[in-house]
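Q: In terms of this note's numbering, the sequence shown is residues 2 to 408.
Using N, Cα and C, we set each Cβ at its ideal position, and we do this for glycine too.
Computed from a prediction, not measured in an experiment: that's the story for all the values here.
Sharing a structure with you now.
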Amino acid sequence: MKVLYVLSQDSGGLPHYAAELANAMSRHAEVVVFKPFETTADDLFDDAVECVEAFENIDIAATDLYAGDWSPVAAFRAALSYRTLARIEAFDPDIVHFTSPASMFPQVQLFTARYGIDDDYPVIETYHDVLPNKLLRRGEELAASEPLSNAILDNVMKLGHRALPALDRAHTVVHTETNRDTLVSNGFDQSKISVVPHGMYEIFSQYDHADVSVEPRTVLCFGQILPTKAHDVVAKAIPLVADRVGDVTCVIAGSGDLPADAKRVIDAHPDLFEVENRFVPNEEVGAYFRRARVSVLPHQRQNGHSGVMTISYAYGTPVVAADIADFPRLVEESGCGLVVPMDDPEPLADALATVLTDDDRWAAMRRNTQRLREEFSWENVAREHVAIYRDVLDDRPERPLAAQQRS
Numbered sequence: 002m003k004v005l006y007v008l009s010q011d012s013g014g015l016p017h018y019a020a021e022l023a024n025a026m027s028r029h030a031e032v033v034v035f036k037p038f039e040t041t042a043d044d045l046f047d048d049a050v051e052c053v054e055a056f057e058n059i060d061i062a063a064t065d066l067y068a069g070d071w072s073p074v075a076a077f078r079a080a081l082s083y084r085t086l087a088r089i090e091a092f093d094p095d096i097v098h099f100t101s102p103a104s105m106f107p108q109v110q111l112f113t114a115r116y117g118i119d120d121d122y123p124v125i126e127t128y129h130d131v132l133p134n135k136l137l138r139r140g141e142e143l144a145a146s147e148p149l150s151n152a153i154l155d156n157v158m159k160l161g162h163r164a165l166p167a168l169d170r171a172h173t174v175v176h177t178e179t180n181r182d183t184l185v186s187n188g189f190d191q192s193k194i195s196v197v198p199h200g201m202y203e204i205f206s207q208y209d210h211a212d213v214s215v216e217p218r219t220v221l222c223f224g225q226i227l228p229t230k231a232h233d234v235v236a237k238a239i240p241l242v243a244d245r246v247g248d249v250t251c252v253i254a255g256s257g258d259l260p261a262d263a264k265r266v267i268d269a270h271p272d273l274f275e276v277e278n279r280f281v282p283n284e285e286v287g288a289y290f291r292r293a294r295v296s297v298l299p300h301q302r303q304n305g306h307s308g309v310m311t312i313s314y315a316y317g318t319p320v321v322a323a324d325i326a327d328f329p330r331l332v333e334e335s336g337c338g339l340v341v342p343m344d345d346p347e348p349l350a351d352a353l354a355t356v357l358t359d360d361d362r363w364a365a366m367r368r369n370t371q372r373l374r375e376e377f378s379w380e381n382v383a384r385e386h387v388a389i390y391r392d393v394l395d396d397r398p399e400r401p402l403a404a405q406q407r408s
């Protein structure tokens with residue numbers, strides 16, 4: 002079996018997801034990855050994976066969109082490079098799998114349809130974040146903190162995708178049952194959707210941080226700083242945690258603009274915070290999680306799976322998360338942490354203080370993360386994908402004559 006993955010994003014967590022999946026699948030199939038020229042996961046792909054530098058970097062991360070820090074002209078030029086999708090024919094894969102939806106990026110959807118890729122090959126997409134197919138409103142489908150400009154952009158993009166040619170998907174992969182149910186309500190065929198858990202990120206363990214150990218009073222807030230995350234609430238909670246437990250350090254690590262309220266609290270309590278306001282390279286990630294006694298996930302909107310949660314569990318770090326989406330099941334019901342409302346610093350401070358001071362409960366949470374690491378290993382994820390691919394190929398009719406003639 003030959004599987005060709007299309008990675009359309011060069012930054013954030015999607016390149017790491019693609020690398021983990023491709024590496025695991027390379028033990029079961031021949032794997033090719035079409036990717037941008039440079040990604041944040043380039044050093045993580047195994048030698049067994051054939052990487053093709055197919056697309057120019059669009060260089061628009063989520064933080065850039067929120068900040069308005071991007072060039073439409075450069076983005077358009079890079080989008081045109083996705084004409085390279087026509088080269089898929091030369092690799093003649095059995096499966097073409099988009100590691101994020103083609104519809105997430107208009108140029109991907111456009112050129113996939115333009116070159117008839119969904120006619121020639123079984124196309125599979127993975128949805129990491131699913132929104133209902135209707136007007137997205139702040140405080141409802143979107144977080145109340147979502148900037149108006151971005152709420153407008155989200156809705157314009159949804160309308161724009163409808164104007165592009167629809168793709169013939171052979172199958173869709175999501176990470177949670179909630180995502181599956183939303184896709185079904187959006188009109189997807191439930192029989193063509195599989196729920197495959199997001200694997201636990203293991204690739205960062207290749208960098209040795211054996212000299213770093215858990216600091217008993219360190220809280221980690223890791224990942225992109227976005228308006229949809231309550232960094233202001235985290236900042237306000239930390240002095241309250243200090244009142245309850247004494248000495249505490251909150252490490253905030255990630256790119257993006259901190260809210261003004263968070264900056265004011267940090268400036269007033271510099272002894273309680275370490276701020277690394279930058280993109281954290283792969284080789285440094287492990288050191289942050291090895292230090293942390295607890296990881297806080299301050300999402301105010303989450304329609305998919307959290308990469309930071311899976312990194313936390315990979316390092317045995319308990320989590321305090323918002324009581325939204327699938328966090329109650331994946332965090333509190335799994336015994337790996339606690340969930341609280343993420344709009345009030347008081348319950349967040351109580352939860353963090355509990356994990357920082359209750360050694361028995363903390364140790365039990367760490368043991369439970371080990372159980373999930375085994376359950377959601379990438380080898381298990383790969384096996385589930387192999388089964389999906391085989392089912393799709395078994396149901397696939399003979400390749401169209403026109404496609405055979407083009408080969």
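Go through its chain and collect everything with a Cβ distance to K230's Cβ below 7 Å, but skip five positions before and after it.
A: If we look at K230 and ignore the five residues flanking it on each side, its Cβ neighbours are P299, H300 and Q301.
Q: Could you check the C-alpha separation between R291 and D396 for me, to the nearest Å?
A: Rounded to whole angstroms, R291 to D396 spans 46 Å at the Cα level.
Q: Exposed or buried, L394, counting other C-beta atoms within 10 Å across all chains shown (16 or more means buried)?
A: L394 comes out exposed.
Q: In terms of alpha-carbon separation, which member of R138, A167 and C337 lies closest to A365?
A: Residue C337 is the option with its Cα nearest to A365.
Q: Does any C-beta atom of chain D lie closer than 8 Å to the C-beta of L353?
A: No chain D is part of this structure, which consists of one protein chain only.
Q: Is D396 helix, strand or coil by DSSP?
A: Here D396 sits in helix by DSSP.
Q: Tell me whether Q406 sits in a helix, a strand or coil according to DSSP, three-state version.
A: A caution first: Q406 carries a pLDDT of 46, below 50, which makes its placement in the model unreliable, though a value can still be read off. In the structure shown, Q406 sits in a helix (DSSP, three-state: H, G or I).
Q: Considering F223, what are the terminal residues of the beta strand (DSSP E) in which it resides?
A: Per DSSP, F223 belongs to the beta strand (DSSP E) from T219 to F223.
Q: Give me the Cα-Cα distance between N134 and V242, rounded to the nearest whole angstrom.
A: When rounded, the distance between both Cα atoms is 40 Å.
Q: Distance check for K193 and L184, CA to CA, integer angstroms please.
A: Rounded to the nearest angstrom, the two C-alpha atoms are 11 Å apart.
Q: Name the DSSP beta bridge partners of T250, please?
A: Beta-bridge pairing links T250 to T219.
Q: May I ask which residues mark the beginning and end of the alpha helix (DSSP H) holding F285?
A: For the sequence presented, residue 285 should be read as Glu rather than Phe. Its alpha helix (DSSP H) spans residues N283 to R292.
Q: Could you compute how far the alpha carbon of V74 sits from the alpha carbon of F56?
A: Straight-line Cα distance between these residues: approximately 16 Å.
Q: Please state whether the Cβ-Cβ distance between S335 and N369 is less than 8 Å.
A: Cβ distance < 8 Å, so S335 and N369 count as in contact.
Q: Below 8 Å on the Cβ atoms is my contact criterion, and I expect V234 with P346 to pass it. Report the Cβ-Cβ distance as a whole number of Å.
A: About 5 Å; that satisfies the 8 Å criterion.
Q: Check the DSSP bridge columns for Y6 and list the partner residues they point to.
A: Y6 pairs with V34 and H98.
Q: Whose C-alpha, out of T355, V124, A350 and H17, is nearest the C-alpha of I239?
A: Closest by alpha carbon: A350.
Q: Report all residues from its chain with a CB closer than 7 Å to the CB of P247; omit the five preceding and five following residues, and keep chain order.
A: The question names Pro, but residue 247 is Gly in the sequence shown. Nothing meets the Cβ criterion.
Q: Return helix, strand or coil for E277, following the three-state DSSP convention.
A: If DSSP states are grouped into helix, strand and coil, E277 belongs with the strands.
Q: Only counting the same chain, and skipping five residues up and downstream in sequence, which positions put a Cβ closer than 6 Å to that of H270?
A: The residues are P240.
Q: Should S186 go down as buried or exposed, given a rule of 16 or more other Cβ atoms within 10 Å for buried?
A: Counting Cβ neighbours within 10 Å, S186 comes out exposed, since fewer than 16 surround it.
Q: Check whether the stretch 79–92 touches the stretch 106–117, taking contact to mean three or more Cβ pairs, one atom from each stretch, closer than 8 Å.
A: As far as the Cβ criterion goes, the stretch 79–92 touches the stretch 106–117, which means the pair count is three or higher.
Q: Where does D327 fall in DSSP's three states?
A: Looking at D327 - three-state DSSP - the assignment turns out to be coil, as it is neither helix nor strand.
Q: Return the CA-CA distance between V412 and D244, expressed in angstroms with no decimal places.
A: Residue 412 cannot be examined here, being either before or after the span of the chain that is shown, 2 to 408.
Q: Taking DSSP's pairing of strands, which residues face E334 in a bridge?
A: Its beta-bridge partners do not exist; DSSP assigns none.
Q: Check S206 in the structure and name its three-state DSSP category.
A: Helix, per DSSP.
Q: In whole angstroms, what is the alpha-carbon distance linking A326 and E275?
A: Rounded to the nearest angstrom, the two C-alpha atoms are 29 Å apart.
Q: Taking the straight line between their C-alpha atoms, what separation do you get for D169 and H386?
A: Near 19 Å, if we compare the C-alpha coordinates of H386 and D169.
Q: Would a C-beta distance cut-off of 8 Å place Y122 and V97 closer than the cut-off?
A: Result yes, Cβ atoms of Y122 and V97 sit closer than 8 Å.
Q: Considering E126, what are the terminal residues of the beta strand (DSSP E) in which it resides?
A: Segment V124 to Y128, the beta strand (DSSP E) holding E126.
Q: Please identify the residue among D119, S101 and P107 whose C-alpha is closest to the C-alpha of D130.
A: Closest by alpha carbon: S101.
Q: One question on the structure: do Y314 and H17 come within less than 8 Å of each other, judged by their Cβ atoms?
A: Not closer than 8 Å, so no.
Q: Have a look at A323, A354, T318 and R384 and flag the residue whose alpha-carbon is nearest the alpha-carbon of V372.
A: Here residue 372 is Arg; the residue named in the question, Val, does not match the sequence. For R372, the nearest C-alpha among the options comes from T318.
Q: Once DSSP output is grouped into helix, strand and coil, what is the label at G308?
A: Three-state result, G308: helix.
Q: Can you give the beta carbon distance from F377 to H199, rounded, assuming they're within the 8 Å contact cut?
A: With 8 Å as the limit, F377 and H199 qualify as a contact, their Cβ atoms being about 7 Å apart.
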